[in-house]
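Taking it in order: structure first as structure tokens, then the write-up.
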Amino acid sequence: MGAFEALRNVTQVPSLAAQPRPTAIPIRALVVARRIRGRIRFVVQVGLTDGSSREIASPFQKPAYQGIAAALRDLNGDGTFDAVLFSARKALSRRKVRRMVRF
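Put into structure tokens, the structure is as follows:
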């Protein structure tokens, strides 16, 4: 009887409602210029629901790229943003480029 009870406890399926949601969910992305080590660099401030923000350095910097923009993206379909999509234009060839950065 003891082995049967152990088997019954192992086969229980965990409840989906028991999984906690993250407390700080990203809600906005803003491209700003920051002076880092004496040079101006573009970073993205990702605003979170708890009022804090996180900065992510842009992979595209001037003067090689122009029109640098950022947008939040949901990659896994759970309804929360989990990546930043950077887009810009190369200065000389005017070609559009994109890069996805997870955070």
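For what it's worth, numbering that gives the first Met the number 0 labels the leading residue of the sequence shown as 0, then goes sequentially.
Heads up, the beta-carbon is just placed ideally off N, CA and C, and yes, glycines get one too.
Query raised in the report: Roughly how many angstroms lie between the CA atoms of Leu106 and Ala63, to the nearest whole one?
Result: No answer is possible for residue 106: it lies beyond the span of the chain, which begins at 0 and ends at 102.
Requested in this report: Tell me Ser52's beta-bridge partners as DSSP assigns them.
Outcome: Numbered from 1 along the sequence shown, position 53 holds the residue referred to as residue 52. In DSSP, Ser52 forms a bridge with Gly46.
**Report entry** Where Phe102 falls, given that 16 or more other Cβ within 10 Å makes a residue buried
**Finding:** On the sequence shown, residue 102 is found 103 positions in, with the first residue counted as 1. Exposed, since its Cβ has fewer than 16 Cβ neighbours within 10 Å.
Query raised in the report: Per DSSP, what kind of secondary structure is Pro25 in: helix, strand or coil?
Result: For the purposes of this step, residue 25 is taken as the residue at position 26 of the sequence shown. Looking at Pro25 - three-state DSSP - the assignment turns out to be strand.
**Report entry** Beta-carbon proximity of Arg88 to Arg94, cut-off 8 Å
**Finding:** The residue given as residue 88 occupies position 89 in the sequence shown. The residue given as residue 94 occupies position 95 in the sequence shown. For Arg88 and Arg94, yes; Cβs fall inside 8 Å.
Query raised in the report: When the Cα of Arg45 is compared with those of Arg38, Arg36 and Asp81, which residue comes out closest?
Result: By 1-based counting over the sequence shown, the position of residue 45 is 46. Residue 45 is actually Val in this sequence, not Arg. Taking only the C-alpha atoms, the option nearest Val45 is Asp81.
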